[in-house]
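Notes to accompany the following structure.
Number of protein chains: 2
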Amino acid sequence: MPEKKRYRIGDLVQEFDATPRTLRYYEELGLLNPERRGNQRYYSERDRVRLRLILRGRRLGFSLEEIAKMLSLYDQDKTGKTQIREVLKMGEKKLQEIEAQIEELKALKAEIEERAAELRKLLEEQDA
Amino acid sequence: MPEKKRYRIGDLVQEFDATPRTLRYYEELGLLNPERRGNQRYYSERDRVRLRLILRGRRLGFSLEEIAKMLSLYDQDKTGKTQIREVLKMGEKKLQEIEAQIEELKALKAEIEERAAELRKLLEEQDA
DNA sequence: CTGGCACTTGACGTTTACGTAAAGGTGATA
DNA sequence: TATCACCTTTACGTAAACGTCAAGTGCCAG
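As you go down the protein sequences, you meet chains B and F in turn. With the numbering used here applied, the first sequence corresponds to residues 1 to 128, in that order. With the numbering used here applied, the second sequence corresponds to residues 129 to 256, in that order.
Here it is in structure tokens:
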């Protein structure tokens, strides 16, 4: 039996520097499924993992809808092989997008570096 | 004299797969400064370069406000050395953010690849 | 001169991703 | 038992980044 640790909303809020509203919103969208004791939310380790991926995705500019698709890789209710294969296919697509995004970031980086070099040169010339 | 080519809004819209509204909005924010002949817009090569960077930034999840800062690297009205140094400093900061983002993308990529591998294993087991 | 197409300026609408009260429930602790 | 921090739902508000009309302008081909 792996530990069945539960987290309260404030715990995750602190750990990930988020807000309660955000977590509740993600739940509303079905991205998180905390257990309820009374009317209080108790998040599982699985929720925590998903939250980490969600927030990472957000920082990288993905929409919650896109992130939802990525998370379907982690859904356990995959009944048949067809289902799994579909999810895998989508995952491959997302991976390609991510790779493309890395390339674009490198291009942006190069562009900015080049421009910075020009500016530094301009600075030196002004010293004359 | 470098060529002084001008582009109409439709040209850039086509080239970059954007909409006129988007270009006008960027102008409203001061990100683009097309010349006016009558009330028609004529974009310079410089506008075109800036537009490319803006759209690239958007695809990568940067806000227009952040992009505006990056574009300040390309503003030519930098009067003094202090100005230039400031802009350069900001550029360095942005570069660091970009590098961090690349690292996070790699992490996300690894995460998804790992999960995909698990799913493929699950598929094979079902073949038994 | 007349289509017709590309362009213009408002101005209100929309989506996403939450923020922000208001009003109240819960549970460990003094 | 009262207090206090932490939690809850409901609901309206908001910022960013455009979308989407409506109504008019500029200009070239026929």
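For every residue, glycine included, the Cβ atom is placed at its ideal position computed from N, Cα and C. Treat the numbers as computed from the prediction; the structure is a model and nothing was measured.
Helix, strand or coil at residue i according to DSSP, with G and I counted as helix
| i | result |
| --- | --- |
| Arg164 of chain F | strand |
| Arg136 of chain F | coil |
| Leu188 of chain F | coil |
| Leu71 of chain B | helix |
| Leu159 of chain F | coil |
| Gln204 of chain F | coil |
Beta bridge counterpart(s) of residue i as assigned by DSSP
| i | result |
| --- | --- |
| Tyr43 of chain B | B:Tyr7 |
Host alpha helix (DSSP H) of residue i (start-end)
| i | result |
| --- | --- |
| Tyr153 of chain F | 148-156 |
| Lys109 of chain B | 81-126 |
Nonlocal neighbours in the same chain, by C-beta distance under 8 Å from residue i, ignoring five residues either side
| i | result |
| --- | --- |
| Arg180 of chain F | Phe144 |
| Gly30 of chain B | Ala68 |
| Lys222 of chain F | Glu194, Lys197, Met198 |
| Val49 of chain B | Tyr74 |
| Tyr154 of chain F | Leu160, Leu179, Ile182, Leu192 |
Neighbourhood of residue i by C-beta, 6 Å cutoff - its chain only, sequence neighbours within 5 removed
| i | result |
| --- | --- |
| Gly57 of chain B | Ile67 |
| Glu163 of chain F | Tyr170 |
| Gln126 of chain B | none |
| Ile9 of chain B | Pro20, Leu23, Arg41 |
| Leu55 of chain B | Phe16 |
| Lys89 of chain B | none |
| Asn167 of chain F | none |
Other residues of its chain near residue i: CB distance less than 7 Å, five sequence neighbours each side excluded
| i | result |
| --- | --- |
| Glu173 of chain F | Lys133 |
| Lys209 of chain F | none |
| Ile212 of chain F | Lys206 |
| Gly219 of chain F | Leu201 |
| Ala100 of chain B | none |
Closer than 6 Å: residue i CB and nearest the ligand SAM heavy atom
| i | result |
| --- | --- |
| Glu124 of chain B | By its list of ligands, the structure shown contains no ligand whatsoever, and the ligand SAM lies outside what it can speak to. |
The segment 82-103 of chain B: which residues have C-beta closer than 8 Å to a C-beta of chain F, in chain order? Ile84, Arg85, Val87, Leu88, Gly91, Glu92, Lys94, Leu95, Ile98, Glu99, Gln101, Ile102
Can you pull out the residues from the segment 41-69 of chain B whose beta carbon lies closer than 8 Å to at least one beta carbon of chain F? Leu53, Arg56, Gly57, Arg59, Leu60, Gly61, Phe62
Against chain F, which members of the segment 110-125 of chain B pass a CB distance test of less than 8 Å? Glu111, Ile112, Glu113, Arg115, Ala116, Leu119, Arg120, Leu122, Leu123
For the segment 145-159 of chain F, enumerate the residues whose C-beta is nearer than 9 Å to any C-beta of chain B, in chain order. none
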